Amino acid sequence: MEEGWRRFLTENDNALIAATSWAKKKPFGLGDRPALLIVDDYYAALGYPRMDILEAVKNWPSACGMSGWEAIDRTVNLLDSARSAGIPVFYTTSFGRRPTPWNRKGSTVISPKGDGPGPYDIAGEIAPFPEDTIIEKSTPSAFQGTSLEIILRSQNRDTVLVCGEATSGCVRSTVVDACTAGFAVGIIGECCFDRFEASHWMSLFDMNQKYGDLVDIDDVKAYLKSLP
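Just so you know, we're using my numbering here: the sequence shown kicks off at 34 and counts up by one.
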């Protein structure tokens, strides 16, 4: 996946990566008690039905369009592996219309009227199972003002595998807080998405450099099979 961000790095950036010992040289590593955390894969971030982003935003202003739906399809595969391995699965979604301290744009989510899904309903393709945990949040990070960390520690989890949207927003904020709390972090880039391509790729670059390991689905499958 590194090829994705290389086109956004300048010649000087690449020279610095090669020259400084600060740049990441090898993976940080993952533990042996992971949980999967799927961040904000709801319809407001996707648009419904499936369509290109420039069409989707006409009715769903915060939609990511087809890049989001393609990530959802890959997340289906990821979930199958996670459930087969028996690791806990967490989802986050928004408080929705409830009072929230984090809405500086003063914007509202608009979705088409009718019998379709609600804006903060998790995409049906990856719908939670009864045993999964759904965390409602009102800030970008899944850890701020929620019970997520307490639940992870009560289950002796040492690793958080993170995917979802937006790569540069709620995913990044969650990854930073997971690292800060002492968890090993795997960022599943193939299952992350964003409205802006540059933001997506450079956020993956930053998170991989500083807070966790960027992993693809095949990496995750092999890792889960290796667990004791």
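Positions of the beta carbon are idealized from the N, C-alpha and C atoms, including for glycine. Quick caveat, the model's predicted, so the values are computed rather than measured.
Could you compute how far the alpha carbon of Cys196 sits from the alpha carbon of Arg107?
Those two C-alpha atoms are separated by around 11 angstroms.
May I have the straight-line CA-CA distance separating Thr43 from Ile50, to the nearest angstrom?
Approximately 11 angstroms between the Cα atoms of the pair.
Coarse secondary structure for Ile258, derived from DSSP in three states
Note that residue 258 corresponds to Lys in the displayed sequence, not to Ile. Lys258 carries a helical assignment under DSSP once its states are collapsed to helix, strand and coil.
What runs of the alpha helix (DSSP H), each 4 residues or longer, lie entirely inside the segment 181 to 236?
Runs of the alpha helix (DSSP H) inside the segment 181 to 236: 181 to 187, 205 to 213.
By Cβ distance below 8 angstroms, which residues in the same chain neighbour Trp38 in space, the five residues on each side in sequence not counted?
So the list reads Trp234, Met235, Leu237, Phe238, once near-sequence residues are dropped.
Note down the Cα distance separating Ile155 from Met99, rounded to an integer number of angstroms.
If you draw a straight line from the Cα of Ile155 to the Cα of Met99, it is about 16 angstroms long.
With burial defined as no fewer than 16 other Cβ atoms inside 10 Å of the residue's Cβ, what is the status of Ala89: buried or exposed?
With 16 or more neighbouring CB atoms inside 10 Å of its own CB, Ala89 falls in the buried class.
Cα-Cα separation between Glu198 and Ala78, rounded to whole angstroms:
Looking at the two C-alpha atoms, the distance is approximately 8 angstroms.
When DSSP builds the beta bridges, which residues end up paired with Pro67?
Bridge partners of Pro67: Thr192.
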